[in-house]
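Novice:
Residue numbers (the working numbering): 1 to 98.
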């Protein structure tokens, strides 16, 4: 896997109530990832970018919702998220800019 692909796999952290709860309870971090990324690519990208050890990666394909607006119905884009389990005692701090 080349370096360019590693930087493109992770699109950003996904922040929600559920992701905050999983971070506190089970030491997991949730990322938005490319739809064609596999678990091995996600694991290597997180380990290389954040210098942490990853225990497990679980992925979910989130289907886009149909929304109603003044022009009728429209569909939001589908996307993929990854639940990344970190080793005990390790953490990723997104507030720190390097």
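Yeah, the Cβ is synthetic: ideal placement off N, Cα and C, and Gly gets one too.
All of these numbers come straight from a predicted model, not from anything done at the bench.
1. On the CB-based measure, 16 or more other CB atoms within 10 Å of its CB, does residue 10 come out buried or exposed?
2. How about residue 5 and residue 79: do their beta carbons lie closer than 8 Å?
3. Helix, strand or coil: which one does DSSP assign to residue 17?
4. Using a Cβ-Cβ cut-off of 6 Å (strictly less than) and excluding sequence neighbours within five positions of residue 27, which residues of its own chain qualify?
5. Out of curiosity, what's the CA-to-CA distance linking residue 92 and residue 29?
Specialist: The answer reads as follows:
1. Looking up residue 10 in the chain shown gives position 10. Residue 10 comes out buried.
2. For the purposes of this step, residue 5 is taken as the residue at position 5 of the chain shown. For the purposes of this step, residue 79 is taken as the residue at position 79 of the chain shown. No.
3. By one-based count along the chain shown, residue 17 stands at place 17. It is helical.
4. The residue you call residue 27 lines up with position 27 of the chain shown. These residues qualify, in order along the chain: 86.
5. The count along the chain shown starts at 1 and reaches residue 92 at position 92. The count along the chain shown starts at 1 and reaches residue 29 at position 29. So the two alpha carbons sit approximately 8 Å from each other.
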